[in-house]
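As C-alpha coordinates, the structure follows; a few thoughts come after it.
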Amino acid sequence: MARYDKYGNIIREEPTPNNTQFTNSGEIIHHQQTNNPTPTRAQNNSTGLVLGISISGFLGIVAIGIVLIICIAISLNSSTNLQKSNQTGQNDTSNITNGSINNDNSVIPSPRPSYTSTPVETKVFYPTATRVPFRSYSAINDCAQARVMLGDIVVLENDVDDLFIRSSSDNHPSNNIISHFEPGQRAKIVSGPECSWGWMMWKIQRLDDGFEGWVAESNGKEFWLKLAE
(Lines of atoms letter the chains of each structure in order from A; the text may use other names.)
(Lines give C-alpha, C1' and ligand atoms only; values in the text may rest on other atoms or scores of the structure.)
Protein backbone atom coordinates (compact mmCIF):
# COMPACT_ATOMS: atom_id res chain seq x y z
CA MET A 144 0.00 0.00 0.00
CA ALA A 145 1.41 3.46 -0.98
CA ARG A 146 1.13 6.53 1.22
CA TYR A 147 0.85 10.02 -0.42
CA ASP A 148 1.32 13.57 0.79
CA LYS A 149 -1.13 16.37 0.09
CA TYR A 150 0.53 17.13 -3.20
CA GLY A 151 0.08 13.56 -4.43
CA ASN A 152 3.67 12.43 -3.98
CA ILE A 153 4.39 8.88 -2.65
CA ILE A 154 5.86 9.04 0.78
CA ARG A 155 6.41 5.26 1.19
CA GLU A 156 4.95 2.03 -0.04
CA GLU A 157 3.70 -0.58 2.35
CA PRO A 158 1.77 -3.68 1.70
CA THR A 159 -1.91 -2.96 1.91
CA PRO A 160 -4.06 -5.27 3.88
CA ASN A 161 -7.04 -6.63 2.05
CA ASN A 162 -9.49 -5.01 4.46
CA THR A 163 -7.91 -1.46 4.35
CA GLN A 164 -10.24 1.36 3.26
CA PHE A 165 -9.12 4.72 1.69
CA THR A 166 -10.54 8.25 1.18
CA ASN A 167 -10.78 9.99 -2.19
CA SER A 168 -7.48 11.68 -1.47
CA GLY A 169 -5.82 8.26 -0.81
CA GLU A 170 -5.68 8.34 2.97
CA ILE A 171 -6.41 5.26 5.06
CA ILE A 172 -9.73 5.42 6.80
CA HIS A 173 -9.21 2.46 9.14
CA HIS A 174 -7.54 -0.88 9.21
CA GLN A 175 -9.07 -4.07 10.64
CA GLN A 176 -7.10 -7.16 11.37
CA THR A 177 -8.48 -10.45 10.22
CA ASN A 178 -9.72 -12.93 12.78
CA ASN A 179 -7.30 -15.58 11.53
CA PRO A 180 -3.87 -14.04 11.32
CA THR A 181 -1.39 -15.94 9.24
CA PRO A 182 0.93 -17.92 11.58
CA THR A 183 4.52 -16.94 11.51
CA ARG A 184 7.44 -19.28 10.72
CA ALA A 185 8.44 -19.36 14.42
CA GLN A 186 4.97 -20.48 15.37
CA ASN A 187 5.03 -23.18 12.72
CA ASN A 188 8.44 -24.36 13.90
CA SER A 189 7.28 -24.46 17.53
CA THR A 190 4.18 -26.44 16.66
CA GLY A 191 6.20 -28.90 14.60
CA LEU A 192 8.72 -29.29 17.41
CA VAL A 193 6.02 -30.04 19.98
CA LEU A 194 4.35 -32.47 17.62
CA GLY A 195 7.67 -34.14 16.88
CA ILE A 196 8.47 -34.45 20.57
CA SER A 197 5.05 -36.00 21.26
CA ILE A 198 5.43 -38.57 18.49
CA SER A 199 8.99 -39.37 19.55
CA GLY A 200 7.92 -39.86 23.17
CA PHE A 201 5.06 -42.12 22.15
CA LEU A 202 7.33 -44.17 19.94
CA GLY A 203 9.90 -44.38 22.75
CA ILE A 204 7.28 -45.66 25.19
CA VAL A 205 6.13 -48.21 22.64
CA ALA A 206 9.74 -49.30 22.05
CA ILE A 207 10.38 -49.66 25.79
CA GLY A 208 7.21 -51.76 26.16
CA ILE A 209 8.28 -54.03 23.30
CA VAL A 210 11.74 -54.45 24.84
CA LEU A 211 10.20 -55.37 28.23
CA ILE A 212 7.89 -57.92 26.61
CA ILE A 213 10.82 -59.47 24.74
CA CYS A 214 12.91 -59.62 27.96
CA ILE A 215 10.08 -61.30 29.88
CA ALA A 216 9.55 -63.84 27.09
CA ILE A 217 13.29 -64.62 26.96
CA SER A 218 13.41 -65.02 30.76
CA LEU A 219 10.44 -67.41 30.78
CA ASN A 220 11.90 -69.41 27.91
CA SER A 221 15.28 -69.64 29.63
CA SER A 222 13.64 -70.85 32.87
CA THR A 223 11.68 -73.53 30.99
CA ASN A 224 14.78 -74.69 29.12
CA LEU A 225 16.75 -74.83 32.39
CA GLN A 226 14.12 -77.03 34.01
CA LYS A 227 14.08 -79.33 30.99
CA SER A 228 17.87 -79.41 31.02
CA ASN A 229 17.93 -80.35 34.71
CA GLN A 230 15.42 -83.13 34.14
CA THR A 231 17.35 -84.38 31.15
CA GLY A 232 20.56 -84.25 33.14
CA GLN A 233 19.02 -86.28 35.94
CA ASN A 234 17.74 -88.86 33.46
CA ASP A 235 21.12 -88.99 31.75
CA THR A 236 22.86 -89.41 35.09
CA SER A 237 20.49 -92.19 36.03
CA ASN A 238 21.03 -93.89 32.70
CA ILE A 239 24.79 -93.52 32.92
CA THR A 240 24.74 -94.97 36.42
CA ASN A 241 22.89 -98.02 35.14
CA GLY A 242 24.86 -98.45 31.94
CA SER A 243 27.48 -97.07 29.57
CA ILE A 244 27.38 -94.53 26.71
CA ASN A 245 27.81 -95.23 22.99
CA ASN A 246 29.61 -92.93 20.60
CA ASP A 247 26.22 -91.52 19.59
CA ASN A 248 25.49 -90.66 23.26
CA SER A 249 22.93 -93.46 23.54
CA VAL A 250 22.97 -95.36 26.82
CA ILE A 251 23.73 -99.08 26.84
CA PRO A 252 22.12 -100.68 29.91
CA SER A 253 24.56 -102.68 31.95
CA PRO A 254 23.73 -106.38 32.43
CA ARG A 255 22.13 -107.29 35.70
CA PRO A 256 24.41 -109.19 38.05
CA SER A 257 23.62 -112.88 38.19
CA TYR A 258 23.28 -114.40 41.61
CA THR A 259 24.70 -117.88 41.96
CA SER A 260 23.57 -119.77 45.00
CA THR A 261 26.39 -121.38 46.92
CA PRO A 262 25.60 -125.03 47.57
CA VAL A 263 25.48 -125.94 51.22
CA GLU A 264 27.89 -128.64 52.14
CA THR A 265 25.99 -131.79 53.00
CA LYS A 266 27.53 -134.09 55.53
CA VAL A 267 27.45 -137.69 54.42
CA PHE A 268 27.38 -140.30 57.10
CA TYR A 269 28.87 -143.63 56.17
CA PRO A 270 27.87 -146.74 58.07
CA THR A 271 30.55 -148.44 60.11
CA ALA A 272 30.88 -151.93 61.44
CA THR A 273 30.21 -150.75 64.98
CA ARG A 274 26.63 -151.47 65.95
CA VAL A 275 24.54 -149.43 68.32
CA PRO A 276 24.62 -151.23 71.68
CA PHE A 277 21.49 -152.58 73.33
CA ARG A 278 19.35 -152.42 70.17
CA SER A 279 17.38 -155.63 69.97
CA TYR A 280 16.44 -157.54 66.84
CA SER A 281 14.73 -160.77 65.93
CA ALA A 282 17.41 -163.38 65.19
CA ILE A 283 15.05 -166.40 65.29
CA ASN A 284 11.29 -166.43 64.80
CA ASP A 285 9.15 -167.19 67.85
CA CYS A 286 12.13 -166.64 70.13
CA ALA A 287 13.41 -163.95 72.46
CA GLN A 288 14.99 -160.85 70.93
CA ALA A 289 18.77 -160.60 70.57
CA ARG A 290 21.13 -157.63 71.03
CA VAL A 291 24.47 -159.33 70.22
CA MET A 292 25.58 -161.36 67.21
CA LEU A 293 28.23 -163.77 66.03
CA GLY A 294 31.76 -162.41 66.51
CA ASP A 295 30.88 -159.84 69.22
CA ILE A 296 32.86 -159.44 72.45
CA VAL A 297 30.39 -159.56 75.33
CA VAL A 298 30.27 -159.07 79.10
CA LEU A 299 27.57 -159.54 81.73
CA GLU A 300 24.96 -156.86 82.42
CA ASN A 301 25.74 -154.76 85.50
CA ASP A 302 23.00 -156.30 87.67
CA VAL A 303 23.84 -159.97 86.79
CA ASP A 304 25.92 -161.91 89.33
CA ASP A 305 26.85 -164.85 87.08
CA LEU A 306 25.56 -166.91 84.15
CA PHE A 307 25.57 -170.67 83.69
CA ILE A 308 27.80 -172.07 80.98
CA ARG A 309 26.28 -175.25 79.56
CA SER A 310 27.65 -178.00 77.41
CA SER A 311 24.69 -177.75 75.02
CA SER A 312 22.18 -175.13 73.95
CA ASP A 313 19.37 -176.82 75.93
CA ASN A 314 18.78 -174.69 79.02
CA HIS A 315 16.15 -176.98 80.63
CA PRO A 316 18.21 -179.64 82.37
CA SER A 317 20.62 -178.86 85.16
CA ASN A 318 23.08 -181.65 84.43
CA ASN A 319 24.62 -179.81 81.46
CA ILE A 320 25.98 -176.86 83.54
CA ILE A 321 29.77 -177.01 83.22
CA SER A 322 30.99 -173.56 84.41
CA HIS A 323 30.03 -169.94 85.12
CA PHE A 324 30.45 -166.64 83.24
CA GLU A 325 31.16 -164.05 85.93
CA PRO A 326 31.26 -160.21 86.15
CA GLY A 327 34.50 -158.73 84.82
CA GLN A 328 35.08 -161.60 82.40
CA ARG A 329 35.01 -161.05 78.64
CA ALA A 330 33.99 -163.57 76.03
CA LYS A 331 33.68 -163.86 72.26
CA ILE A 332 30.58 -165.28 70.61
CA VAL A 333 31.78 -168.14 68.44
CA SER A 334 28.52 -169.89 67.46
CA GLY A 335 24.75 -169.49 67.42
CA PRO A 336 22.18 -168.35 67.80
CA GLU A 337 19.81 -171.14 68.84
CA CYS A 338 16.43 -171.04 70.56
CA SER A 339 15.76 -173.22 73.63
CA TRP A 340 12.37 -173.07 75.31
CA GLY A 341 11.96 -169.55 73.88
CA TRP A 342 15.35 -168.42 75.21
CA MET A 343 18.08 -166.95 72.97
CA MET A 344 21.27 -169.08 73.31
CA TRP A 345 24.89 -168.34 72.19
CA LYS A 346 28.11 -170.31 72.34
CA ILE A 347 30.91 -168.22 73.89
CA GLN A 348 34.66 -168.53 74.44
CA ARG A 349 36.09 -166.87 77.55
CA LEU A 350 39.02 -164.65 76.63
CA ASP A 351 40.98 -165.16 79.85
CA ASP A 352 41.23 -168.99 79.58
CA GLY A 353 39.62 -169.98 76.25
CA PHE A 354 36.86 -172.04 77.92
CA GLU A 355 33.80 -172.59 75.66
CA GLY A 356 30.14 -173.27 76.35
CA TRP A 357 26.54 -172.15 75.79
CA VAL A 358 24.98 -169.26 77.66
CA ALA A 359 21.52 -167.60 77.56
CA GLU A 360 21.29 -164.02 76.37
CA SER A 361 17.59 -163.31 77.03
CA ASN A 362 14.34 -164.97 78.07
CA GLY A 363 12.21 -162.36 76.23
CA LYS A 364 11.75 -160.20 79.36
CA GLU A 365 15.31 -159.33 80.40
CA PHE A 366 18.85 -159.44 78.96
CA TRP A 367 21.97 -160.86 80.66
CA LEU A 368 24.63 -160.16 78.01
CA LYS A 369 25.73 -156.85 76.48
CA LEU A 370 28.46 -155.61 74.15
CA ALA A 371 31.81 -154.97 75.82
CA GLU A 372 32.91 -151.34 75.82
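Going by the numbering used here, the first residue of the sequence shown is number 144, and it counts up by one from there.
C-beta atoms are modelled at their ideal positions from N, C-alpha and C, and glycine is treated no differently.
These numbers come from a predicted model, not from an experiment.
In this structure, the straight-line span from the alpha carbon of Ser317 to that of His323 is close to 13 Å. DSSP places Val303 in the coil class of the three-state scheme, outside both helix and strand. In terms of CA proximity to Asn301, Phe366 leads the group Met343, Phe366, Lys346 and Tyr280. Look at Ile283 here: in three-state DSSP terms it is coil, with no helix or strand label.
When beta bridges are read from the DSSP output, Gln348 appears opposite Lys331 and Glu355. Comparing alpha carbon positions, the residue from Gly200, Glu325, Ile347 and Ala289 closest to Leu299 is Glu325.
A distance below 8 Å between beta-carbons, with the five flanking residues on each side excluded, links Tyr280 to the following residues of its chain, in chain order: Gln288, Ala289 and Arg290.
Residue burial is scored here from C-beta neighbours: Ile347 has at least 16 other C-beta atoms within 10 angstroms and is therefore classed as buried. The beta carbon of Arg309 is closer than 7 Å to those of Asn319, Ile320, Ile321, Gly356 and Trp357 in its chain, skipping five residues each way along the sequence.
The beta-bridge partner set that DSSP reports for Lys369 consists of Val298. Listed as beta-bridge partners of Trp342 by DSSP are Ser339. Rounded to whole angstroms, Ile217 and Gly203 show a C-alpha spacing of 21 Å. CA-to-CA, the gap between Ile215 and Gly200 works out to about 23 Å. Counting along the chain, the unbroken beta strand (DSSP E) around His323 starts and ends at Ile320 to Phe324.
Looking at the DSSP output, Ser361 bridges to Met343 and Phe366. Annotation: Phe307 to Met344 spans about 11 Å, alpha carbon to alpha carbon.
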